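Single-structure report; data block below.
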């Protein structure tokens, strides 16, 4: 078991190195001279020379990468071109904001998805099953940025119930989280929760239906157990795959919230990415992507390990 | 794949033709199964309608999708002869929605098709040759798996710059890894079956074994999986345009229309929301169609 965990963790190292390689290549994939990618056009000659030396653009590519990689390892992603502040100090708060949104969304989607999925999986009524399946397909197929716009139209423009955009007053301080913050959080979280809710509902429905067909459930029935007790047994067996799906979906949300954040002007990583792209701020883009991808990889590993702890039969490397 | 095809595939082509009764092939059965599926038919009709109206848009709607009019901005649907109203520059919404299908549908299909070809080839090669080849290909694929799909698409498109071509490249890149993974696992399963061993024993080379014996057995699962990605592709492609990273104005594209109409959401909410209806309709149809395909493949009877 420890060996498995260790191996799983060690395997993330080459992956993370690969991630930095891809992010490094961004500078050279961008159209034009890399120096133009990191400097405004009207930069003076000595600034250009200084930056060239700092980035090592005069050295061969592998050396450039190693210099950059060594900096990244120490948490130094360079300075944001836009704000001239260290990239990490820009990314930090943004990640916290996105995480707040993603955690709320995944909890919402779990309540909704698992509830509906269980209802559909446990029932023998076709109509319930149909309704839940329809909801699941809706959740998976809806362009969530569009759903966000519709929610804004209904709840902000027409009913004046909730704020249309932005984060609450205590944006960067979670200890001060109050009613106003919650009101701001609600619409983007619901929007973001739609896709995972659909996926979770569909997966729980399939898992539960599958478990109910297994022989041990028949045995429990034969022994005369009441429905609620059987329900408990089924839930216990359905938990590991559901938790795995939830973890993977959470990981996707961290990086996938960019569209929803744009619709609601939520000051998270997506917003930051958008700004980095429009101002061609490559160091900021690289930093944001590396941090998000690292979170993604680590969440995936955590899910794998947690699942193995719950159910030793699933062991993947 | 059904065992009968598996067994037959090992026979020389001449024998195969005789042994398989007409109309009983795997694909024929699949088609027949789909035709009995009411949901699949409805989705197919919707998609065909959208596709055909996009292709024949110039003949269906008289208006010019690029003709702006400052006097007729954001007219509500039905007013002054504009069936679905006008957009923020006074262009006819209905016309632009139909024309928009051209870019949006292509951007849903093209990346998946390209990724299926590239990812499928990579996966089959990795699965067939195994060992170091597998290691090399799959470990590189693993690295791309380290990015959430939307993040990878947005970052790539952002780096390469806005444009239809660049968003096509980034989307293809997003879909290659998952397709390659499916192809690899299916190929690995098929590779260990007896008929492949038999083909090798008769002296068939790798190329011949892959093309003649294995391809028929792995394309089904790969295509089924790829079909489930089309709706994702449409949503992300439109999302890229929505962020200003895909199609550039004044091209009619559903995602871009959502983007430019977003500012008008307070003034003319109905107009602003319309392009999303098209995206949603298309993606739901593709999703349901792909579900039907999967059920049909599973039956295999």
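Chains as they are written, first to last, in the working numbering: chain A, 1 to 317; chain B, 1 to 301.
A virtual CB, placed ideally from N, CA and C, is assigned to each residue, including glycine.
Keep in mind that this is a model prediction, so the values were computed, not measured.
Do you know whose CA, among the options, lies nearest residue i's CA?
i	options	result
residue 278/B	38/B, 49/B, 248/B and 150/B	49/B
residue 265/A	165/A, 217/A and 44/A	165/A
residue 254/A	232/A, 298/A and 277/A	298/A
residue 166/B	180/B, 99/B and 241/B	241/B
residue 371/A	289/A, 313/A, 277/A and 114/A	One cannot answer for residue 371/A here, as it falls past the ends of chain A, which runs 1 to 317.
residue 14/A	122/B, 51/B, 78/B and 136/B	136/B
residue 229/B	243/B, 133/B and 178/B	178/B
residue 129/B	188/B, 260/B, 62/B and 71/B	188/B
residue 89/B	251/B, 291/B and 185/B	251/B
residue 220/B	182/B, 164/B and 260/B	182/B
residue 122/B	268/B, 222/B, 244/B and 264/B	222/B
residue 62/A	82/A, 214/A, 24/A and 99/A	24/A
residue 156/B	280/A, 185/A, 66/A and 157/A	280/A
residue 42/B	295/B, 207/B, 294/B and 282/B	282/B
residue 109/A	216/A, 247/A and 292/A	247/A
residue 262/A	84/A, 71/A, 101/A and 3/A	101/A
residue 168/B	273/B, 245/B and 216/B	245/B
residue 106/B	260/B, 270/B, 289/B and 235/B	235/B
residue 73/A	229/A, 20/A, 46/A and 117/A	20/A
residue 256/A	221/A, 153/A and 145/A	145/A
residue 193/A	104/A, 209/A and 89/A	104/A
residue 98/A	229/A, 150/A, 250/A and 148/A	250/A
residue 160/B	278/A, 226/A and 59/A	278/A
residue 268/B	86/B, 218/B, 109/B and 207/B	86/B
residue 108/B	243/B, 233/B and 274/B	233/B
Which two residues bound the contiguous alpha helix (DSSP H) that contains residue i?
i	result
residue 236/A	227–256
residue 111/A	87–122
residue 2/A	2–29
residue 153/A	That residue, residue 153/A, is in no alpha helix (DSSP H); it is neither H nor E in DSSP.
residue 135/A	126–141
residue 203/B	Residue 203/B -> no alpha helix (DSSP H), and no H or E assigned at all.
residue 278/A	269–278
residue 222/B	215–227
residue 304/A	282–310
residue 203/A	179–212
residue 175/B	164–191
residue 74/A	Per DSSP, residue 74/A belongs to no alpha helix (DSSP H) and is neither H nor E.
Check whether the Cβ of residue i sits closer than 6 Å to any heavy atom of the ligand SAH, and report yes or no.
i	result
residue 203/A	For the structure depicted, the ligand SAH is absent and the ligand set is empty, with no information on it obtainable.
Here's a check: name, in chain order, each residue in its chain whose Cβ is nearer than 6 Å to the Cβ of residue i, leaving out the five neighbours to either side.
i	result
residue 176/B	115, 118 and 119
residue 149/B	174
residue 57/B	98 and 99
residue 287/A	77, 87 and 91
residue 66/B	250
residue 136/A	198, 201 and 202
residue 101/B	50 and 54
residue 240/A	307, 310 and 311
residue 161/A	155
residue 134/B	126
residue 285/B	43, 46 and 47
residue 295/B	none
residue 170/B	153, 156 and 157
Just to confirm my understanding: we take residue i, look at its own chain, exclude 5 residues before and 5 after, and list those with CB closer than 8 Å. What are they?
i	result
residue 276/B	254 and 258
residue 297/B	30, 220, 221 and 224
residue 212/A	121, 122 and 234
residue 128/A	119 and 120
Using C-beta distances below 7 Å, list every residue in its chain close to residue i, excluding the 5 sequence neighbours before and after it, in chain order.
i	result
residue 60/B	53 and 98
residue 200/B	209
residue 39/B	288 and 292
residue 85/A	79
residue 274/A	258 and 262
residue 10/A	none
residue 140/A	195, 198 and 199
residue 305/A	5 and 8
Establish whether the CB of residue i and some CB of chain C are separated by less than 7 Å.
i	result
residue 239/B	Although the question refers to chain C, the structure presented lacks it and instead comprises the protein chains A and B.
- Residue ranges of each alpha helix (DSSP H) within the segment 74–155 of chain B, 4 or longer: 93–129 and 131–144
- Message: So if I threshold CB-CB distances at 7 Å, which residues from the segment 132–148 of chain A count as touching chain B?
- Response: 137, 140, 141, 142, 143, 145 and 146
- Query: What residues from the segment 144–160 of chain B come within 9 Å of chain A, judged by C-beta to C-beta, listed N to C?
  - Reply: 144, 145, 146, 147, 148, 149, 150, 151, 152, 154, 155, 156, 157, 158, 159 and 160
- Message: Please identify, using Cβ separations under 7 Å, the residues of the segment 250–271 of chain B that lie next to chain A, in order along the chain.
- Response: 258, 262, 265, 266 and 269
- Message: Tell me which residues of the segment 119–143 of chain B have at least one Cβ-Cβ distance to chain A shorter than 8 Å, keeping chain order.
- Response: 139, 140, 142 and 143
- Message: Tell me which residues of the segment 220–235 of chain B have at least one Cβ-Cβ distance to chain A shorter than 7 Å, keeping chain order.
- Response: 231 and 235
- Message: Please list, in chain order, the residues of the segment 273–295 of chain B that have any C-beta partner in chain A closer than 7 Å.
- Response: 273, 276, 279, 280, 283, 284, 287 and 288
- Task: Give the residues from the segment 298–313 of chain A that approach chain B closer than 7 Å (Cβ to any Cβ), ordered along the chain.
- Result: none
- Message: Beta carbons nearer than 8 Å to chain A: which residues of the segment 166–185 of chain B have them?
- Response: none
- Query: For the segment 227–257 of chain A, which residues have a beta carbon sitting closer than 7 Å to at least one beta carbon of chain B?
  - Reply: 251, 252, 254, 255 and 256
- Query: Can you list, in chain order, the residues of the segment 86–114 of chain A whose Cβ is nearer than 9 Å to any Cβ on chain B?
  - Reply: none
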